[in-house]
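Just so we're aligned: the sequence shown equals residues 766 to 1040 in the working numbering.
Report on one structure; see the data block that follows.
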Amino acid sequence: MTRRGMKLRGPAHVCRVPLFAATRRLAAGVVQHRVTTSWGAATITGRLDQRHRDVIDAAMSVAISRREESTGDVTYAVDSARLRSVLGWSRWRYELIVECLRDLRAAEIELRVSAASAPIAAEWSGILTRVTEAPIRPPQRLGSRSRWRGTPPEPDPLTERPRGGMIWAITVSRAWIAVMEALPMTYPPSVVRLRYGATQAAARMMLSHRDGAAMGWDAVMEALDIRPADRARARRQIVEETDALGELGVAVTDAGLEHGDARPAPEKRGQPRSP
């Protein structure tokens, strides 16, 4: 369960130059891929899809502290249980989160933003530089069974794979911090609960624009870097989640997508109607 009014924070430029593929099931293996849109271009070496975007945005948004390193990187202390809760407790295992973090650390990106107002120097870099277990005791979990009997185990900063339920130290590269600060955006955490990667990518892309923005279907598919052979399926997936997108403020029309005011969630069966 997420806290009421909470927002996730991420870089808007990365919605418009899609570093993260518009899917939740990218094939395993390291590949090099180049994307070009009217907002810029990027070369991605690695494996990045919408699940990875879910993890990096959520981790930075729920961090309990941050520390700037001498290199310009920033280390965030993240409660892994809180992170998993925001991502969706029943949908995400700790092992899957750690796998996404490792992919984020291994990926290499060269990003060029064409916007004249973007103070970003072209840099060949990654997103994460280090992931480990922080030497901080996890908080006492209220409302659930105790994870440990007696004294909790001491955190081990040298452990190879951070343990679920512990505090993780996630170091974000200075390049990613620069992209974040150049054009930040906030969006509802319910975006990570959308069923399809195409819908997630479309939602983030439209929410990175001001209210009133509208794009035709061809422009949407081009902006999301979806191959012509996959566009019919991606459009069906987006249309299938019309109601969920409407609650986020993204309207699905016959012509394409529009960013407007979010409409209230539909009443559930059995709920009393408002007077």
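Even for Gly, the Cβ is constructed at its ideal location relative to N, Cα and C.
Need the endpoints of the alpha helix (DSSP H) that residue i sits in, please.
{"i": "M950", "result": "No alpha helix (DSSP H) holds M950; the beta strand (DSSP E) holding it covers 949-952."}
{"i": "L1013", "result": "1007-1013"}
{"i": "Q965", "result": "962-972"}
{"i": "R781", "result": "778-781"}
Less than 8 Å between the beta carbons of residue i and residue j, yes or no?
{"i": "I930", "j": "S845", "result": "The question names Ile, yet the displayed sequence has Gly at residue 930. Contact: yes."}
{"i": "T936", "j": "D819", "result": "no"}
{"i": "V782", "j": "V896", "result": "no"}
{"i": "L1013", "j": "P953", "result": "yes"}
{"i": "A777", "j": "L948", "result": "yes"}
{"i": "E898", "j": "W933", "result": "yes"}
{"i": "I991", "j": "A968", "result": "no"}
Within the same chain, show all residues whose beta-carbon is closer than 7 Å to that of residue i, passing over the 5 residues directly before and after it, in chain order.
{"i": "R958", "result": "G853"}
{"i": "M971", "result": "A978, V1015, L1022, H1024"}
{"i": "R1034", "result": "Low per-residue confidence applies at R1034: pLDDT is 43, beneath 50, and the placement is therefore not dependable enough to give any value."}
Which same chain residues, not among the five before or five after residue i, have their C-beta less than 8 Å away from its C-beta?
{"i": "D868", "result": "G811, R812, L813, H817"}
Bridge partners for residue i per DSSP, in chain order?
{"i": "I932", "result": "D844"}
{"i": "W889", "result": "E875"}
{"i": "H798", "result": "I809"}
{"i": "A1016", "result": "E1023"}
{"i": "G770", "result": "None; G770 has no bridge partner."}
Could you give the first and the last residue of the continuous beta strand (DSSP E) run that contains residue i?
{"i": "T894", "result": "893-898"}
{"i": "I821", "result": "Where I821 is concerned, there is no enclosing beta strand (DSSP E), although the alpha helix (DSSP H) it sits in stretches over 815-827."}
{"i": "E1023", "result": "1021-1024"}
{"i": "M980", "result": "979-981"}
{"i": "R832", "result": "830-833"}
Rounded to the nearest angstrom, what separates residue i and residue j at their Cα positions?
{"i": "G770", "j": "V800", "result": "34 Å"}
{"i": "Q797", "j": "T808", "result": "7 Å"}
{"i": "W982", "j": "V944", "result": "27 Å"}
{"i": "I821", "j": "Q1002", "result": "24 Å"}
{"i": "L989", "j": "I942", "result": "23 Å"}
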